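Counting from 1, one number per residue, gives the positions in the sequence shown under full-length UniProt numbering. Note that CB positions come from ideal geometry on N, CA and C, so glycine has one too. It should be emphasised that the depicted structure is a prediction, and the values quoted were computed from it without experimental measurement.
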Amino acid sequence: MKSKHIGSLLMLYEKMNRQSKPDLYLQISVLKMIYNTEVENFHEILDSSLNSGDTKIRSVAFTILCSLKLSTDVLNLIYNFIVDNINSDCSTLRTKLIFGLENMLRKCKKLSSILTTFLDRLHEFVSSNLLPGSNYQRKITSLKIYLVILKFTNNDYVSYSCRHLLFTNLLDSEDVRKTCSEILVSYFNVVKEDKIYLNNWMKLGLNLCYDPLFYKNESGSTIIYTITSLAYKSGLQIDIFNLSHSSVSAYILDLAKKQEKRLKDNFVSNVTHGTLYGLLDVLNNLSFEENSPEKNKLNETQIEVMLNLIEDNLNLMLDTLSSRMDAEGKTEAPSFAQMDDALSSLRISNQDNVQIPTNQFLLNFIWINIKVCCDVASKYAIMLAISDISNKQYKNTQIKRCADMIADVLIRCRHKGAMEATCKSLGIIIKHWKESLNWCQNMLTDHINCMKPEDEISRRSAGVRYLIHAIVTNNKITVKDCIKQLYNIAKENVCTDIDTIVDLPQARAQHLLTAIVANASISTGSLYCFMEDMIMLCIDKLNSPFWTIRNAALQFFSSLQVRLIGQNRLNNDCWLSHLPLEPLLYHFPRLMQRLQHLWSQTNCKLSSQARLIPFMSLLKSLKLQSWSLLSSDHQQFLKSLRFNLWSTGFALEIYTIRNMAAQAYANTIQVNEISSTLNQISNEILKYDGVINFSEFKGFNHLHGLMSVYKYLKDVYFMEFNQEYQVFKIEHKNLPPLCKSMYISLNCKVLDPLPLNSSIDHILVKQLMIKNNISQSLDLSGLIEFYMKADKHTTICFLKCLKDFNKNPKDVLLLINKFVNFLDVDDKDILKEIIMNIDVLLNMHLENIKIEVELEADYFSAILQKCALCSEKDFIAMLPVLSWLCPSKVYLTLLPIVCKHIDCDLYDSNDRCSSSRSLYYFKNLKDDVRVWNAVVELLQDEDIDVRIEVTRFVNYICYNCSSILNPYMCLRKMFEIEIVSSIINPKFAFNCFWNQLSEIKLRTEFDETINPFFNDQSNVYQEQSNIMKLAFEGLKSLIKANDNLDYYKEVVEKCLNTIKSECEFKHTFMDEDLMILDTYSSIHYQKLYYKREILVLLNFNDYLNMFFPILDFIYLPIKF
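The following block contains the structure:
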């Protein structure tokens, strides 16, 4: 940073520090740029930022921390930050954590003693995080930190126990197992003495490859790849695996061939006993991955066997899905109904089988096998394409064979997952195959020219779209020819006597053109020469008598519009976001001529007005840049366009078109014309002032159109000149509601009379008047008094408008007190709106203003009963305010209600967030374990907003503040005795901590969407193993304090029989030879380990013998 910039930043920093409430993110960001630890409040701001509840602030603070001069204190701060943020579900923060640590180590030329001590602690910590029960965030971040440690320390942190721990995590989710495999292959070795160990892992990997569940196949594939790579890297021969084949790849190929034969013999029976997915995935990784030690190990004969296997397997899968089609003598891709019939008939024919899989299981099995077959074929073809094989004919023949196999899947299948995966595989082949042009052109010609109405239905050939997509996006030379062919088909006339059920070639051609135009990888330049023709085509086809063609044209036009204007601009009415109008005038003259022609044909019929939609939707997003630079012809066209928009467009019956016409007119006005145009429109509108019938009366639609364009231009005037334009005044009493609401939105001084009619259009008028009244009022307190005396509907309307209004912070306290005075209202709906208004006001300044209200217990109980009459959702939303209002005498009544709604299995994140906010107001309640339990539960919630909100409670009991903090840091503090003792006494604390060791929570109901790697928990963020560790540390602290030991012993003694029964738990091994427990068993034994340690600390030595039969298992999950 240059010195002149440093001076400016220091001035900015000093100015921020003088603010009453400076923005912490801005402060820490400026500190990062200044890079000077001597500035005022540096350490105070850094400490606040490191503990902030905002992940952006913590990310920047950690970057600064890692750039400081290393010392014991700095390294301790870094270590504590990693501990408190390693399981953050913000990926950006976790990435910054890795980068910061890496940059810190990179700066160190040699490892000092303090840095070595730091790395020892860090290694021990990340290793403990790889134990069963940790969530995904903790595991993946720990593995990446381990990678950084190994990168800068070589083999200092490589051991047998770490190797085994990494191997066990190969059974975890995809990112975790891939990172473990990378670490093992890069930094670890094996020796001959590991033969039994490696063979046990090979056996487990093969067993998993045969498992019917795909994620177990992937784990098995990763295991086999990893141990094979390790063996080669360590200089061992593959005979260490007791194989008689030339390579592991050849062995896997042989197994795959046998499995494919079993599937052919009896498909349904063998589906549950083994899939080809795992074996082919192993073959794919070993034979074709860039860094695989067995790349190119398969000879030509084995390659031929592999291709035959893939071809046969694809045919088997596709034939299985289309068996009903074959019975009907049809060749196109089967519909989902026909696939379901085919699979049902298969299951019926195998009734003698005890375990018959469901149709969904069979379909998943088929598509996942199709996916891997195409992936293997693609990888092999790419390997050939980039190789320097001299036999070009053999090379191209083999690549063409692979491409044909994959294209055949797209033609014969319509399963979306299979089509997307297959399209990706085919696209990669085309991209790398230099001689692909002829194949692509032939494929396009064959499948575009064959589209006939009598035998083509789009739902049965959806894969053709993916086929064309793969070709044109990866071989750009084919784009123009493809568009020409599709355009020629799309523009053909349709016979009027054709069956409308059939999806016509013209419609299909438009759908395919839509896919091409919508593809971001195809440049606009290559499409621009066709753009006007395609737009004209859409406009013609939007008038087709056939719905299928109109529907296709509508979708096609949307994609063309996005391509021309851009998605963001298309959805943005902002004046500054519009594109220039001039290119449309110069490049699309036929389009403009067609618009001129349409104006003359537009009449009172809705169909004639609807034809303007495509033109108006384009024009509303384009803005005239310079009138003087236009040619005379284009100036004449714009004059004509303005006239037609004014005379016809503003008076159209269809609201949407009328509104777009107003935007289009405003976009043709130059900045220097805005004022005069607004005056002209005002004069025209004033003709309607109190008069309905006059000689030039064009109807109220025309008046609404004029008001709409006035509104757009008025907004532009404010944007350009930074001042409001003086609005006209008109008698609005006799205006229809739509025009009246538009006028009221223009003129904020229109406050009355409020309409008495309760229809929807009059309700909008009332809302706008009330909003004007609120915005103009200098006494909101008096306004509340006024509207609270009105009828129910008006009162509720006012309260809803006030809730959304930006209030002056100075008025918050006054408004809250005013609303509290109306809590005795009888109507529950009005009471609900009052409470929600208080909620908004409390949220505005929760961190700054200490607002206290003293209500009588009986009075509050009556309010609570009234609120309980509302819907459950509304009642839960009111809980934060009810908790704030709650007198201390009624705490015990309200607390169970608040705690009831923290269950993530029963209540959504909004409900839990309300409970989380409510708990803050129980901060002064002492010795109620329900508060502690609820806070600990919510700090582990899977929704970040819920976790963040409850940190206010922890911040208050720790620092007497109410701002948000880092949730995990708060969770750790809830197990620290000096913190916990402020809300519950040590005896209660001991019970709370002990109970955390006594339960292993599982989901209560089956939900197939739950990820299998999370121990069947409904809350995927929760970490039972880590909570047990925190509870154990808390228990140790209580026991070492030597207070209440007799009570602690009494509590534990009552549980001895329970512990004894827990020791009889029947564990489950994922693999007995390798002593790998399943997650549930691992967590169970971790619990028993901690309980045993507590018994030792409390001198229950006579009872330790109950653990003898399971000692090996108790220590198994915590070894590293």
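query, result
"CA nearest to the CA of E1050, picked from F1100, L298, Y712, L799", "F1100"
"Through-space distance from S915 to N266, alpha-carbon basis", "56 Å"
"C-alpha distance - I1094 paired with I1059, whole-angstrom precision", "12 Å"
"Proximal residues to S219 (C-beta, below 7 Å), its chain only, five neighbours per side dropped", "L170, L171, R177, L208"
"Pairwise C-alpha distance: D752 and D811", "25 Å"
"Three-pair Cβ contact test at 8 Å for the region 931-948 versus the region 902-918", "yes"
"Other residues of its chain near L316: CB distance less than 7 Å, five sequence neighbours each side excluded", "L263, K264"
"Which listed residue (C440, A662, Y210, L70) has its alpha carbon closest to that of W646", "A662"
"Distance between L410 and T514 (C-alpha atoms, nearest Å)", "18 Å"
"Cβ distance (whole Å) where I979 is taken to contact C961 below 8 Å", "So it is not a contact: roughly 14 Å between Cβ atoms."
"Contacting residues, own chain, Cβ-Cβ under 6 Å from S247 (five flanking each side not counted)", "E294, K297"
"Cutoff 6 Å; reference V126; Cβ partners in own chain excluding five residues on either side", "S142, I145, Y146"
"V282 versus A250 - alpha carbon distance", "11 Å"
"Beta carbon of I428 nearer than 9 Å to that of C440", "no"
"For F1069, the first and last residue of its enclosing beta strand (DSSP E)", "1069-1071"
"C-beta contact flag for residue 1122 and R590 at 9 Å", "The shown model of the chain, from 1 to 1120, leaves out residue 1122, and the question about it has no answer."
"Through-space distance from L802 to E1005, alpha-carbon basis", "In this predicted model, E1005 has a pLDDT of only 45, less than 50, meaning its place in the structure is not dependable; the value taken from the coordinates is given anyway. The straight-line gap from Cα to Cα measures roughly 42 Å."
"Three-state secondary structure assigned by DSSP to S335", "coil"
"Separation of G274 from S1061, as counted between CA atoms", "38 Å"
"Among N474, A421, N391, nearest to T432 - alpha-carbon criterion", "Looking at the sequence itself, residue 432 is His, so the reference to Thr does not match. Minimum Cα distance to H432 is reached at N474."
"Cα-Cα separation, Y136 to F875", "35 Å"
"Alpha carbon of I784 to alpha carbon of N747, nearest angstrom", "22 Å"
"Residue interval of the alpha helix (DSSP H) (run including Y586)", "582-587"
"Inter-residue CB distance, S181 and T226 (contact presumed, cutoff 8 Å)", "5 Å"
"The region 700-710 / the region 653-670 touching (three or more Cβ pairs under 8 Å)", "yes"
"Of the listed residues I522, T602, T548, S521, nearest to residue 1164 (C-alpha basis)", "In this structure the chain extends from 1 to 1120, so residue 1164 is not present and cannot be described."
"Backbone secondary structure at I140 - three-state DSSP", "helix"
"Spatial neighbours of K698 in its chain, beta-carbon cut-off 6 Å, leaving aside the 5 residues before and after", "A651"
"Chain B contact for V464 (CB, 9 Å cutoff)", "In the structure shown, chain B does not exist; there is a single protein chain."
"Close-in-space but distant-in-sequence residues of the same chain around I471 (CB under 7 Å, 5 per side omitted)", "I430, C440, M443, L444, T478"
"Alpha-carbon to alpha-carbon, F798 and M742", "19 Å"
"Nearest candidate by alpha-carbon position, reference K828, set L122, Q865, E854", "Q865"
"Opposing strand residues paired with K623 [DSSP bridges]", "P580"
"Span of the alpha helix (DSSP H), counted from its first residue to its last, around H164", "160-168"
"Beta-carbon spacing of K1040, L1097 below 9 Å", "yes"
"Unbroken alpha helix (DSSP H) run spanning residue 1122, endpoints", "In the structure as shown, the chain starts at 1 and stops at 1120, and residue 1122 therefore has no counterpart that could be examined."
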